[in-house]
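Worksheet: one structure, shown below.
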Amino acid sequence: MRIEALTFFRFLAALIVIIFHFGTSTDLAKTFSPFIISGSQMVTFFFVLSGFVLMISHYKKKDETLQNFYLSRIARIVPLYMLALFLTLYFEHDAKEHMLSLALSMGFLQSWFPPYAMNLNIPGWSLSAEAFFYLTFPLVLFIIKQSNIKIFSLILFSLLLYLFTQAILSNYMNHASYDQLPAIFHDTLYYSPLFHYCSFILGVTGGYIYVKKPHYFHKKTFLSFFIMSFSFFITYYLLQHPELLNETLNTTLAYKSSFYGLLFLLFILSITYSNNFIIKILSLRLFVILGESSYALYILQFPIYILYNEHISKYLNLEGSNNFYAYLFILIILSIATFYLFEKPANYFIKNKLPLYYRKITNKRTLSLH
Numbered sequence: 285m286r287i288e289a290l291t292f293f294r295f296l297a298a299l300i301v302i303i304f305h306f307g308t309s310t311d312l313a314k315t316f317s318p319f320i321i322s323g324s325q326m327v328t329f330f331f332v333l334s335g336f337v338l339m340i341s342h343y344k345k346k347d348e349t350l351q352n353f354y355l356s357r358i359a360r361i362v363p364l365y366m367l368a369l370f371l372t373l374y375f376e377h378d379a380k381e382h383m384l385s386l387a388l389s390m391g392f393l394q395s396w397f398p399p400y401a402m403n404l405n406i407p408g409w410s411l412s413a414e415a416f417f418y419l420t421f422p423l424v425l426f427i428i429k430q431s432n433i434k435i436f437s438l439i440l441f442s443l444l445l446y447l448f449t450q451a452i453l454s455n456y457m458n459h460a461s462y463d464q465l466p467a468i469f470h471d472t473l474y475y476s477p478l479f480h481y482c483s484f485i486l487g488v489t490g491g492y493i494y495v496k497k498p499h500y501f502h503k504k505t506f507l508s509f510f511i512m513s514f515s516f517f518i519t520y521y522l523l524q525h526p527e528l529l530n531e532t533l534n535t536t537l538a539y540k541s542s543f544y545g546l547l548f549l550l551f552i553l554s555i556t557y558s559n560n561f562i563i564k565i566l567s568l569r570l571f572v573i574l575g576e577s578s579y580a581l582y583i584l585q586f587p588i589y590i591l592y593n594e595h596i597s598k599y600l601n602l603e604g605s606n607n608f609y610a611y612l613f614i615l616i617i618l619s620i621a622t623f624y625l626f627e628k629p630a631n632y633f634i635k636n637k638l639p640l641y642y643r644k645i646t647n648k649r650t651l652s653l654h
């Protein structure tokens with residue numbers, strides 16, 4: 285089950301992350317900041333969407349084994365992740381200095397170790413968190429199914445987990461030791477999978493609402509259009525004015541570490557609730573293609589940036605914003621090409637061909653024993 289309109293928002297979120305990393309000095313960023321450079325917040329959107337999509341995709345599957353689930357997750361993220369990782373290592377030309385970082389990154393463990401979360405391919409830290417979410421999802425799904433938990437109870441649990449997580453984050457961010465040990469505390473609070481798990485569970489909760497009450501969604505009424513439009517506005521407004529809550533509560537909130545998880549869940553639900561002309565436009569093949577290429581866009585941004593700066597930009601002779609726009613255009617084209625020429629074939633091979641090869645090998649070994 286896939287909701288096409290949501291796919292395009294993955295592309296927009298990835299685009300904002302890229303502008304946050306490499307385009308903060310562009311005219312676009314200056315005009316629409318801070319919304320357009322809210323890259324850290326968009327990672328929270330990915331985490332919520334991941335929980336939502338996993339729940340609606342797997343809740344009603346009755347014959348799915350753990351092996352099939354994990355194989356599909358490996359096929360989804362590992363090939364492109366490894367490609368981006370080794371491209372980064374190749375373009376940086378200093379592999380010997382990154383052996384520990386490489387080992388952690390290859391094991392999707394870098395986000396668990398504060399000094400290494402942002403080493404090598406910077407966006408890869410979020411895939412380290414995603415790997416943990418994927419690892420635990422079957423258990424979460426099993427508990428939800430076996431307990432047949434009520435929607436209200438799951439909503440209450442996810443809200444309490446979210447509030448508990450944010451209370452810890454805000455407390456440490458306002459503590460004196462945060463400034464004394466900025467690297468350790470910053471990396472732990474912003475990149476540890478444990479502090480982002482609340483966003484994933486919020487997404488799982490939203491997916492549970494969707495599968496249990498499908499008749500509540502895909503409405504063509506004016507009310508659905510109004511709710512979706514209001515959700516667009518409030519999401520933009522709160523990202524554009526983060527200082528409002530700081531001033532109101534007289535404290536520093538962890539905006540970049542799952543704070544917007546609840547807001548993004550409401551945004552996702554507003555999209556699934558609606559079935560209007562905007563949803564139909566966002567479901568057109570062009571926008572779906574951009575959404576499908578969003579993972580490549582996100583994970584390849586750093587190695588392609590190095591490639592562009594070292595080998596391409598000198599031939600284009602562009603300056604300022606135009607230089608970034610040229611890089612972004614090339615990245616989008618390469619991401620779409622990578623999706624069709626590498627990501628999809630690799631996904632198909634791991635999910636369909638690899639099990640067949642494994643069975644052939646095991647059958648041969650069984651025969652040889654006899």
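Using the numbering used here, read the sequence shown as starting at 285 and increasing by one per residue. Heads up, the beta-carbon is just placed ideally off N, CA and C, and yes, glycines get one too.
Assess contact between the segment 432 to 449 and the segment 354 to 363, defined as three or more Cβ pairs (one per stretch) separated by less than 8 Å. Is contact present?
no
Decide if Q430 is buried, meaning its Cβ has at least 16 other Cβ atoms within 10 Å, or exposed.
As a first step, residue 430 must be located in the sequence shown, where it is residue number 146. Exposed, because fewer than 16 other Cβ atoms sit within 10 Å of the Cβ of Q430.
Considering only C-alpha positions, which residue in the set I485, S395, A413 and Y500 is nearest to N559?
Start at 1 with the first residue of the sequence shown, and residue 559 comes out as number 275. Nearest of I485, S395, A413 and Y500 to N559, Cα basis: Y500.
Just mark N636 as buried or exposed, buried being the case when its beta carbon has 16 or more other beta carbons within 10 Å.
As a first step, residue 636 must be located in the sequence shown, where it is residue number 352. Burial call: exposed.
What residue from S619, F608, K644 and E414 has the CA that sits closest to T308's CA?
Translated into positions along the sequence shown, residue 308 becomes position 24. The option with the nearest alpha carbon to T308 is F608.
Whole-number beta carbon distance between F543 and S334, since they are thought to touch under 8 Å:
Here residue 334 is taken as the residue at index 50 of the sequence shown, counted from 1. Here residue 543 is taken as the residue at index 259 of the sequence shown, counted from 1. The pair is not a contact, with the Cβ atoms about 17 Å apart (cut-off 8 Å).
Helix, strand or coil for S476 per DSSP?
In the sequence shown, residue 476 corresponds to position 192, counting from 1. If DSSP states are grouped into helix, strand and coil, S476 belongs with coil.
Beta-carbon spacing of A289, L507 below 8 Å
Translated into positions along the sequence shown, residue 289 becomes position 5. Translated into positions along the sequence shown, residue 507 becomes position 223. Not a contact, by the Cβ cut-off of 8 Å.
Where the alpha helix (DSSP H) containing M326 begins and where it ends:
One-based indexing of the sequence shown puts residue 326 at position 42. Looking at the DSSP string, the run of the alpha helix (DSSP H) that includes M326 is G323 to H342.
Between which two residues does the alpha helix (DSSP H) holding N631 run?
On the sequence shown, position 347 is the one that residue 631 refers to. Taken as a continuous stretch (DSSP letters only), the alpha helix (DSSP H) holding N631 covers K628 to Y632.
Closest Cα partner of L537 within the set N455, Y520, E414 and G323
By 1-based counting over the sequence shown, the position of residue 537 is 253. Ranking the options by Cα distance to L537, first place goes to N455.
Coarse secondary structure for K644, derived from DSSP in three states:
For this step, residue 644 is matched to residue 360 along the sequence shown. K644: helix per DSSP, three-state reduction.
Nonlocal neighbours in the same chain, by C-beta distance under 7 Å from F551, ignoring five residues either side
What you label residue 551 is simply residue 267 of the sequence shown in a count that begins at 1. If we look at F551 and ignore the five residues flanking it on each side, its Cβ neighbours are S515 and T519.
Along the alpha helix (DSSP H) that carries E603, what are the first and last residues, could you check?
Position 319 of the sequence shown holds residue 603. Unbroken run through E603: none, as it is neither H nor E.
How is the alpha helix (DSSP H) around Y624 delimited, first residue to last?
The residue given as residue 624 occupies position 340 in the sequence shown. Element bounds for Y624: n/a, residue is neither H nor E.
For the alpha helix (DSSP H) that T372 lies in, which residues bound it at each end?
By one-based count along the sequence shown, residue 372 stands at place 88. From DSSP, the alpha helix (DSSP H) with T372 extends over L350 to E376.
Taking contact to mean 3 or more Cβ pairs, one atom from each stretch, closer than 8 Å, check whether the segment 444 to 451 and the segment 477 to 493 are in contact.
yes
With the cut-off set at 8 Å, would you say M326 and A368 are in Cβ contact?
Counting from 1 along the sequence shown, the entry for residue 326 is found at position 42. Counting from 1 along the sequence shown, the entry for residue 368 is found at position 84. The answer is no: Cβ separation not under 8 Å.
Quick one, are the C-beta atoms of L581 and L528 less than 8 Å apart?
In the sequence shown, counting from the first residue as 1, residue 581 sits at position 297. In the sequence shown, counting from the first residue as 1, residue 528 sits at position 244. For L581 and L528, no; Cβs fall outside 8 Å.
Rounded to whole angstroms, what's the CA-CA distance from L338 to F571? Just pull it up for me.
The residue labelled residue 338 in the question sits at position 54 within the sequence shown. The residue labelled residue 571 in the question sits at position 287 within the sequence shown. Whole-angstrom Cα-Cα distance: 21 Å.
Alpha carbon to alpha carbon, how far is A621 from T372? Give it in angstroms, no decimals.
By one-based count along the sequence shown, residue 372 stands at place 88. By one-based count along the sequence shown, residue 621 stands at place 337. So the two alpha carbons sit approximately 18 Å from each other.
Please list, in chain order, all residues of the same chain as L404 whose beta carbon is under 7 Å from its beta carbon, the five residues on each side excluded.
Counting from one through the sequence shown, the residue named residue 404 turns up at place 120. These residues qualify, in order along the chain: L369, T372, L373, H382, S385, L386 and S389.
Within the same chain, show all residues whose beta-carbon is closer than 7 Å to that of L445, passing over the 5 residues directly before and after it, in chain order.
The sequence position of residue 445 within the sequence shown is 161, counting from 1. C482 and I485.
Am I right that T291 and E576 are in contact with their C-beta atoms under 8 Å? What's the rounded C-beta distance?
Translated into positions along the sequence shown, residue 291 becomes position 7. Translated into positions along the sequence shown, residue 576 becomes position 292. Contact flag correct, Cβ pair sits at about 7 Å.
Go ahead and label Q394 buried or exposed: buried means 16 or more other beta carbons lie within 10 angstroms of its beta carbon, across all protein chains shown.
By one-based count along the sequence shown, residue 394 stands at place 110. Looking at its Cβ environment, which holds 16 or more other Cβ atoms inside 10 Å, Q394 is buried.
Less than 8 Å between the CB atoms is what I'm expecting for Y474 and S541, so what's the real figure, rounded?
Along the sequence shown, one-based indexing puts residue 474 at 190. Along the sequence shown, one-based indexing puts residue 541 at 257. Right, their Cβ atoms sit about 5 Å apart.
Distance between V488 and V424 (C-alpha atoms, nearest Å):
On the sequence shown, residue 424 is found 140 positions in, with the first residue counted as 1. On the sequence shown, residue 488 is found 204 positions in, with the first residue counted as 1. Approximately 9 Å, taken between the alpha carbons.
Using a threshold of 8 Å, state whether the C-beta atoms of P318 and L522 are closer than that.
Reading the sequence shown from its first residue, position 34 is the one you call residue 318. Reading the sequence shown from its first residue, position 238 is the one you call residue 522. Not in contact: P318 and L522 (Cβ atoms no closer than 8 Å).
For L533 and G323, what's the separation of their Cα atoms in angstroms?
Stepping through the sequence shown from its first residue, residue 533 is reached at position 249. Stepping through the sequence shown from its first residue, residue 323 is reached at position 39. Cα-Cα distance, rounded: 24 Å.
Just to confirm the assignment, what range does the alpha helix (DSSP H) spanning N455 have?
Counting from one through the sequence shown, the residue named residue 455 turns up at place 171. Looking at the DSSP string, the run of the alpha helix (DSSP H) that includes N455 is I435 to M457.
State the start and end residues of the unbroken alpha helix (DSSP H) segment that holds G408.
Within the sequence shown, the letter at position 124 stands for residue 408. Note, G408: alpha helix (DSSP H), G408 to S431.
Spell out the partners DSSP gives K503 in its beta bridges.
Taking the sequence shown and counting its residues from 1, one reaches residue 503 at position 219. S558.
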